[in-house]
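Scroll down for the structure; my scribbles are underneath it.
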């Protein structure tokens, strides 16, 4: 066994270390440094890369990761764990989903470029210095408080599906490549780039943003721990749900025809049937129901609008077919 060196973090076998990945500087001269935590197990094994907050407002996974990493005894770990608790330090500092310096969504530019925008440079440094050498990858995210917790893996990717099932959310989303996938630049997601490079990878979506949610944090702790147990990093038992449901075509969005106030009548994770009511929109001026939203096909509700105030064209419900 040899020492593990990632950025300025250096750990000998059986040690934990904290450090940083150096990227560049901002206009005021302040340095862009991305925190990194490494655990170099006392025994050989696989290497797991795990990160949080590539979108700066997604804080639940950060707390999940902190609890797991501090609870581990490196002397009892087999293998290596490389963790980036805050991937997008600029978005995190500014409490914004995007990198406001360049206006980019950092989870669309992987594997980044050494001579690109700030987002691309951060992605490049993380990918070349921290992701490189990983056997497994977990990219922790959040969506909305009204989104059913789920774990995303790519269609036809058996190794990533196994990793997703090990994480242990009840709902699993199989991401299919369609026109919406291309328009949304999903080829630049960290998960998809890692898979293309032969690394099984998943994206758990746990709770809402800009605030801590106890149940979502605990789901993250359980999921990370499950993976560590399943792949031999630590001893223990995998704790999974009673069932796991695969959802596909999860990008089906139903939008408001008329603006008003949306009231959901179907809950996230609920099986709904064609023509079933999912919610309605009423006028705030007359309280009249001006639109009823119905399921266009048999499906599962992935999430509904978190803010009930909607305009024409706003997404009110997101659906997926059962796989």
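Residue numbers (our numbering): 11 to 333.
Each residue gets a CB set at the ideal place from its N, CA and C atoms; glycine is no exception.
Have a look at the options and flag the residue whose alpha-carbon is nearest the alpha-carbon of residue i.
i	options	result
residue 57	65, 93, 286, 80	93
residue 152	272, 318, 63	63
residue 52	85, 38, 70	85
residue 176	67, 213, 192, 141	213
residue 286	308, 300, 242	308
residue 184	203, 192, 161	161
residue 50	26, 235, 174, 121	26
residue 294	270, 288, 215, 305	270
residue 169	237, 35, 111	237
residue 245	59, 20, 87	87
residue 68	39, 191, 116	116
residue 163	199, 134, 138	199
residue 243	59, 37, 291, 191	59
residue 284	330, 323, 291	330
Could you tell me whether the Cβ atoms of residue i and residue j are closer together than 8 Å?
i	j	result
residue 282	residue 311	yes
residue 201	residue 149	yes
residue 143	residue 89	no
residue 180	residue 71	no
residue 220	residue 105	yes
residue 301	residue 325	no
residue 136	residue 99	no
residue 186	residue 258	yes
residue 210	residue 173	yes
residue 254	residue 182	yes
DSSP puts residue i in a beta bridge; with which residues?
i	result
residue 274	289
residue 281	310
residue 256	182
residue 301	291
residue 328	263, 313
residue 160	181, 215
Return the CA-CA distance between residue i and residue j, expressed in angstroms with no decimal places.
i	j	result
residue 196	residue 45	25 Å
residue 256	residue 140	30 Å
residue 232	residue 297	44 Å
residue 321	residue 262	18 Å
residue 208	residue 273	44 Å
residue 328	residue 15	43 Å
residue 107	residue 33	19 Å
residue 264	residue 157	15 Å
residue 78	residue 13	22 Å
residue 8	residue 131	Not covered by the structure: residue 8. The range shown for the chain is 11 to 333.
residue 103	residue 114	15 Å
residue 18	residue 155	36 Å
residue 318	residue 29	42 Å
residue 189	residue 31	35 Å
residue 76	residue 225	15 Å
residue 332	residue 280	11 Å
residue 277	residue 216	16 Å
residue 218	residue 239	27 Å
Minimum length 4: unbroken alpha helix (DSSP H) runs contained in the region 20–56: none
Residue ranges of each alpha helix (DSSP H) within the region 100–153, 4 or longer: 128–136
Uninterrupted beta strand (DSSP E) stretches inside the region 171–244 (no shorter than 3 residues): 181–185, 211–215
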